[in-house]
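Trainee: Quick one: the structure is below, and I'll ask about it shortly.
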């Protein structure tokens, strides 16, 4: 039996149908909106990034990556969703720190000192 036939047979099996009709499939699929939005936001100006929200989403994704592997059966689709979100939020966090933290330090170091009289 060729691999194409095996895949087709699996695609139309009761097990696959049960999986597609479960929350183990639709939960992560609908949740993928968060990382997709974060990836799209990397093209926007860094002044629009909320530091507290980015930090919260980093922690949220870390917790749910762990949860996705702790449940039975393991939900690898949910893990992938939160892994992508984790990476996107870390990029946003680095952009936030570079914009608000490092750029302010550089600006204050290059400003001339004002003498008081």
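Residue numbers (this note's numbering): 11 to 127. C-beta atoms are modelled at their ideal positions from N, C-alpha and C, and glycine is treated no differently.
#1: Please report the straight-line C-alpha distance between residue 34 and residue 87, rounded to a whole angstrom.
#2: Might you give, ordered along the chain, the residues of its own chain that have their beta carbon closer than 8 angstroms to the beta carbon of residue 89, omitting 5 neighbours on each side?
#3: Taking the alpha-carbon of residue 100 as reference, which of 25, 15 and 52 has the nearest alpha-carbon?
#4: For residue 106 and residue 59, what's the separation of their Cα atoms in angstroms?
#5: Measuring alpha carbon to alpha carbon, tell me which residue in 36, 64 and 19 is nearest residue 97.
#6: On a Cα-Cα basis, can you pick out the residue from 43, 103 and 17 that is closest to residue 66?
#7: Rank 93, 112, 109 and 110 by C-alpha distance to the C-alpha of residue 38 and give the top, closest one.
#8: Applying the 10 Å Cβ sphere with the 16-neighbour rule, what's the burial state of residue 95?
Mentor: Well, looking at it:
#1: Walking along the chain shown from the start, residue 34 turns up at place 24. Walking along the chain shown from the start, residue 87 turns up at place 77. A straight-line Cα-Cα distance of about 8 angstroms links residue 34 and residue 87.
#2: Taking the chain shown and counting its residues from 1, the one referred to as residue 89 is at position 79. If we look at residue 89 and ignore the five residues flanking it on each side, its Cβ neighbours are 75, 78 and 79.
#3: Indexing the chain shown from 1 puts residue 100 at position 90. The candidate whose alpha carbon is nearest that of residue 100 is 52.
#4: Residue numbering aside, residue 106 sits at position 96 when the chain shown is read from its first letter. Residue numbering aside, residue 59 sits at position 49 when the chain shown is read from its first letter. In a straight line, the C-alpha of residue 106 is about 6 angstroms away from that of residue 59.
#5: Counting from 1 along the chain shown, the entry for residue 97 is found at position 87. Out of 36, 64 and 19, 64 has the C-alpha closest to the C-alpha of residue 97.
#6: Translated into the one-based positions of the chain shown, residue 66 becomes position 56. Ranking 43, 103 and 17 by Cα distance to residue 66 puts 103 first.
#7: The sequence position of residue 38 within the chain shown is 28, counting from 1. Here the closest residue by C-alpha is 93.
#8: In the chain shown, counting from the first residue as 1, residue 95 sits at position 85. With 16 or more other Cβ atoms within 10 Å, it is buried.
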